[in-house]
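Undergrad: First, the structure itself, so that you have it in front of you.
Number of protein chains: 2
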Amino acid sequence: MRPFRPILDRLHQAGLRPTRQRMALAKLMFEGRDCHVTAESLHAQAITHRVRVSLATVYNTLHQFTSAGLLREIVIDAARSYFDTNTSDHHHFYWEGTGLLEDIPSDQIIMEKLPSPPPGTTIKRIDVVIRLAGCTK
Amino acid sequence: MRPFRPILDRLHQAGLRPTRQRMALAKLMFEGRDCHVTAESLHAQAITHRVRVSLATVYNTLHQFTSAGLLREIVIDAARSYFDTNTSDHHHFYWEGTGLLEDIPSDQIIMEKLPSPPPGTTIKRIDVVIRLAGCTK
DNA sequence: GTGATTGCAAATCTTTTGCACTAAA
DNA sequence: TTTAGTGCAAAAGATTTGCAATCAC
Numbered sequence: 009m010r011p012f013r014p015i016l017d018r019l020h021q022a023g024l025r026p027t028r029q030r031m032a033l034a035k036l037m038f039e040g041r042d043c044h045v046t047a048e049s050l051h052a053q054a055i056t057h058r059v060r061v062s063l064a065t066v067y068n069t070l071h072q073f074t075s076a077g078l079l080r081e082i083v084i085d086a087a088r089s090y091f092d093t094n095t096s097d098h099h100h101f102y103w104e105g106t107g108l109l110e111d112i113p114s115d116q117i118i119m120e121k122l123p124s125p126p127p128g129t130t131i132k133r134i135d136v137v138i139r140l141a142g143c144t145k
Numbered sequence: 009m010r011p012f013r014p015i016l017d018r019l020h021q022a023g024l025r026p027t028r029q030r031m032a033l034a035k036l037m038f039e040g041r042d043c044h045v046t047a048e049s050l051h052a053q054a055i056t057h058r059v060r061v062s063l064a065t066v067y068n069t070l071h072q073f074t075s076a077g078l079l080r081e082i083v084i085d086a087a088r089s090y091f092d093t094n095t096s097d098h099h100h101f102y103w104e105g106t107g108l109l110e111d112i113p114s115d116q117i118i119m120e121k122l123p124s125p126p127p128g129t130t131i132k133r134i135d136v137v138i139r140l141a142g143c144t145k
């Protein structure tokens with residue numbers, strides 16, 4: 009994956025029409041460093057940047073991007089869904105108090121032993137979440 | 009923790025009055041093998057066993073038991089909360105298709121390397137979820 | 001043009017809450 | 001008694017959906 013491939017190319021490659029809303033949301037998420045968003049936070053960010061887009065479209069876009077492999081959904085809190093612009097193999101720190109999420113590069117966690125998947129199944133992904141207590145950065 | 013301590017003692021120790029509803033739900037969950045429930049599934053199970061209890065009380069009870077350390081909440085699917093009667097250190101297999109959850113004993117996953125928690129924080133828990141694709145058992 | 005996409009509002013689903021009623025201590 | 005616990009229905013959040021209007025190709 010080429011992280012700096014222009015937004016337009018990424019949408020084309022994903023088979024998604026580059027509409028004004030998708031382009032704007034993609035720019036908010038993919039320009040700059042990797043980030044974690046919720047539908048609510050992305051919608052708020054859009055409004056701050058004077059991008060007119062409905063919350064329903066934000067939800068739709070997040071799911072379309074996730075299906076297209078542009079985003080990865082992280083299940084970490086029953087109250088809301090997080091999406092991560094970093095789709096490569098990695099893990100997470102999570103501050104339960106504040107809802108802050110931080111990436112852990114995959115080479116920082118090495119599993120010495122893993123169970124074999126039950127017969128007939130294959131491992132789709134291994135998620136490691138380190139839940140933290142204590143002060144927020 | 010003594011897994012076979014009578015239900016009544018467990019509730020007393022947790023400071024929870026042994027009401028008809030709590031006793032019945034506790035029996036459904038704690039008698040027999042460890043299991044994973046959702047509010048919905050436990051409510052359905054109660055109805056099957058002719059236990060009259062409202063869904064609101066099931067939710068309340070699950071959270072009270074979790075606060076008391078009798079249950080552990082597992083965040084695995086944004087669509088609903090799972091509760092595990094096994095509160096000891098362990099991990100999970102998850103079949104995304106069917107919502108089936110299966111315990112992985114803690115000695116089946118050994119982490120050779122872990123990142124240190126950010127300054128000022130402590131690790132509250134490490135959750136490992138192995139997401140599976142393929143046939144259901 | 002034509003089919004994909006959007007916005008809005010309404011619907012859905014899970015979970016929580018207010019409050020009068022009931023039961024445990 | 002006195003206080004905790006319950007049930008119901010209503011409320012609250014997050015997410016989804018139906019459908020007419022709009023946009024990309």
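Respectively, the protein sequence lines represent chains A and B. Taking our numbering, the leading residue of the first sequence gets 9, the next gets one more, and so forth. Taking our numbering, the leading residue of the second sequence gets 9, the next gets one more, and so forth. Quick reminder that beta carbons are idealized off the backbone N, C-alpha and C, glycines included.
#1: Please identify, using Cβ separations under 8 Å, the residues of the segment 118-135 of chain B that lie next to chain A, in order along the chain.
#2: Quick one: which chain B residues come within Cβ less than 9 Å of A:V137?
#3: B:R88 and B:E120 look like a contact to me (Cβ under 8 Å); what is the Cβ gap, rounded to whole Å?
#4: Given that a residue counts as buried once 16 or more other Cβ atoms are within 10 Å of its Cβ, and exposed if not, what is A:T69?
#5: So, are the CB atoms of B:I134 and A:I15 less than 7 Å apart?
#6: Roughly how far, in whole angstroms, is the beta-carbon of A:Y102 from the beta-carbon of A:T46, given that I think they are within contact range, below 8 Å?
#7: How long is the line joining the alpha carbons of B:A32 and B:P26, rounded to whole angstroms?
#8: Report the neighbours of A:I112 on chain B: residues whose CB is nearer than 7 Å to its CB, in chain order.
#9: Examine the ligand MN and report whether any of its heavy atoms sits within less than 6 Å of the Cβ of A:G105.
#10: To the nearest angstrom, how far is it from the Cα of A:T106 to the Cα of A:I55?
#11: Identify, in the order they occur along the chain, each residue of the same chain with its Cβ nearer than 8 Å to the Cβ of A:H98, setting aside the five sequence neighbours on each side.
#12: Which of the three DSSP states is assigned to B:R10 in this structure?
#13: Is the CB of B:L140 under 7 Å away from at least one CB in chain A?
#14: For B:D115, which of helix, strand or coil comes out of DSSP?
#15: Can you give the Cα-Cα distance for A:Q29 and A:C43, rounded to whole angstroms?
#16: On the DSSP bridge list, what partners appear for A:I134?
#17: What in chain A is Cβ-close to B:Q72, meaning under 8 Å?
#18: Using a C-beta cutoff of 7 Å, does B:A64 count as contacting chain A?
#19: Does DSSP put B:T27 in a helix, a strand or coil?
#20: Among A:T93, A:G142, A:T65, A:L63, which has the Cα closest to the Cα of A:F38?
TA: Put simply:
#1: Legend: CB atoms of the segment 118-135 of chain B lying less than 8 Å from CB atoms of chain A belong to residues I118, M119, E120, K121, L122, P123, P125, P126, G128, T129, T130, I131, K132, R133, I134, D135.
#2: Within chain B, the residues near A:V137 are V83, R133, I134, D135, V136, V137.
#3: In fact, because the Cβ distance is near 34 Å, the residues do not count as touching under 8 Å.
#4: Looking at its Cβ environment, which holds 16 or more other Cβ atoms inside 10 Å, A:T69 is buried.
#5: With a cutoff of 7 Å on beta-carbon distance, B:I134 and A:I15 are scored as not near each other.
#6: Not really, about 13 Å apart at Cβ, beyond 8 Å.
#7: Taking the straight line from one Cα to the other gives about 9 Å.
#8: Chain B residues near A:I112: P123.
#9: Within the structure as shown, the ligand MN is missing, as the structure has no ligands at all.
#10: Each residue's Cα considered, the two are about 22 Å apart.
#11: Contacts found: D111, I112, P113, S114.
#12: Legend: pLDDT at B:R10 = 46, less than 50; position of this residue unreliable, value from coordinates given subsequently. DSSP places B:R10 in the coil class of the three-state scheme, outside both helix and strand.
#13: So, interface residue.
#14: Helix, per DSSP.
#15: Computed Cα separation, rounded: 19 Å.
#16: Bridge partners of A:I134: B:I138.
#17: Around B:Q72, no beta-carbon contact reaches into chain A at under 8 Å, the shortest distance being about 17 Å.
#18: For B:A64, no Cβ of chain A is located within less than 7 Å of the residue's own Cβ.
#19: If DSSP states are grouped into helix, strand and coil, B:T27 belongs with coil.
#20: Measuring from the Cα of A:F38, the nearest candidate turns out to be A:T93.
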